[in-house]
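Chains as they are written, first to last, in the working numbering: chain A, 1 to 114; chain B, 1001 to 1112.
Glycine included, C-beta positions come from ideal geometry on N, C-alpha and C.
Have a look at the structure below before the remarks.
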Amino acid sequence: DAGITQSPRHKVTETGTPVTLRCHQTENHRYMYWYRQDPGHGLRLIHYSYGVKDTDKGEVSDGYSVSRSKTEDFLLTLESATSSQTSVYFCAISDRAASTDTQYFGPGTRLTVL
Amino acid sequence: AQSVSQHNHHVILSEAASLELGCNYSYGGTVNLFWYVQYPGQHLQLLLKYFSGDPLVKGIKGFEAEFIKSKFSFNLRKPSVQWSDTAEYFCAMRGNTGKLIFGQGTTLQVKP
C-alpha cells in the first residue's frame, strides 16, 4: 500500500466550527487530492495540488480550502462546517498527471457535523 | 460533460456465481479507465486499469474488465465470486481534464 495517512480518522463537530483534516504521504509524490464520498455519488473531487503551494479547485470546492506548504502534507479546511459536509473524506496521491498515472488512496476520515 | 454511470447499485450473489458489473462512460476522446474496490471499513484499492493496448485487462484477485470503445463500456467480471469479494466497487475514468471521475458505486453482497 502507498504510504498515505489521514488524521483524524473520525471526528464529530458542531455546525459553524472550523475543521482541518490532514493528509500525509511518504512517497514524495507531486500530486495530492481531496475527495468526499457520499452514498449515491461515488467520490467527488474537492481540491487538488500539483506541487507545494500549487492548488486548484475540483468539482465540489465550495466551503472548503486547502493548503500545501510541504510536499508530504495536504490540509483540507472546512471554514465553517455545515451538516451537508458530513461525509467520508479521502486523500489520494499520484506521481504525476500523466496518462499512465494511477491515484492511490488513504484510509479516509469520517466527519460528522451536528 | 464527462461522466461515469454504473447501472447496478446493489448486487446480491451466492458464492461461486459469476459476476458482471456494468460501467459506461461519456466522453468521445481517449480515456483511461479504472476499477477500484472498497472493502467494508477500508480505503479504496486499485483492482485494475486500462490505458491502451489489449482491451481485456486482468487485475488482482481474479477480476478482469473489457474495454469496448464502440459501447463506451468497461464492465468488470469475475467467473466465480467468493464471500470475501463483498465490497463496494467503483468505476472511474480520466479524460482530457486529467481528473478522475467516479461512478456512483455498486455494492456487492456475496452470500456464503
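task = Could you tell me if S87(A) is buried or exposed, where buried requires 16 or more neighbouring beta carbons within 10 angstroms of its beta carbon?
result = Under the 10 Å beta carbon count, S87(A) is surrounded by 16 or more other beta carbons and is classified as buried.
ask   = Between G16(A) and chain B, is there a C-beta pair that is closer than 8 Å?
value = No, no contact with chain B.
task = Kindly indicate which three-state DSSP category Q1045(B) falls into: helix, strand or coil?
result = Three-state result, Q1045(B): strand.
ask   = Does H29(A) have its Cβ less than 8 Å from a Cβ in chain B?
value = Chain B contact via Cβ: absent.
ask   = CA-CA distance, H1007(B) and L1021(B)?
value = Here the C-alpha atom of H1007(B) lies approximately 8 Å from the C-alpha atom of L1021(B).
ask   = Relative to the C-alpha of Y1025(B), which residue among Q1042(B), Q1109(B), P1112(B), A1092(B) is closest?
value = Looking at the Cα atoms, A1092(B) is the closest of the given residues.
key: Within 8 Å, strictly: CB atoms of L78(A) and G63(A)   = A contact, by the Cβ cut-off of 8 Å.
task = Mind checking who A92(A) pairs with in its DSSP beta bridge?
result = A92(A) pairs with Y33(A), F105(A).
key: Same chain, Cβ closer than 8 Å to G1062(B), five either side skipped, listed in chain order   = Counting only residues of its own chain and dropping the five nearest sequence neighbours on each side, G1062(B) has a CB closer than 8 Å to the CB of K1078, P1079, S1080.
message = Please state the DSSP three-state secondary structure of G152(A).
response = A query on residue 152(A) cannot be resolved here, the shown segment of chain A reaching from 1 to 114 and no further.
ask   = Taking the Cβ atom as the reference point for each residue, do T1107(B) and H1010(B) lie within a distance shorter than 8 Å?
value = It is a contact, given that the beta carbons lie within the stated cut-off.
request  = Taking H41(A) as the query, report the chain B residues whose CB atoms sit under 9 Å from its CB, ordered along the chain.
outcome  = Listed along chain B, the residues sitting closer than 9 Å to H41(A) by beta-carbon distance are F1102, Q1104, G1105.
ask   = So, does the CB of F105(A) fall closer than 8 Å to a CB anywhere in chain B?
value = Yes - at least one Cβ of chain B is within 8 Å of the one on F105(A).
key: Three-state secondary structure (DSSP) of S61(A)   = Collapsing the DSSP output to three states places S61(A) in coil.
Burial state of Y1039(B), where buried means 16 or more other Cβ atoms lie within 10 Å = Exposed is the call here.
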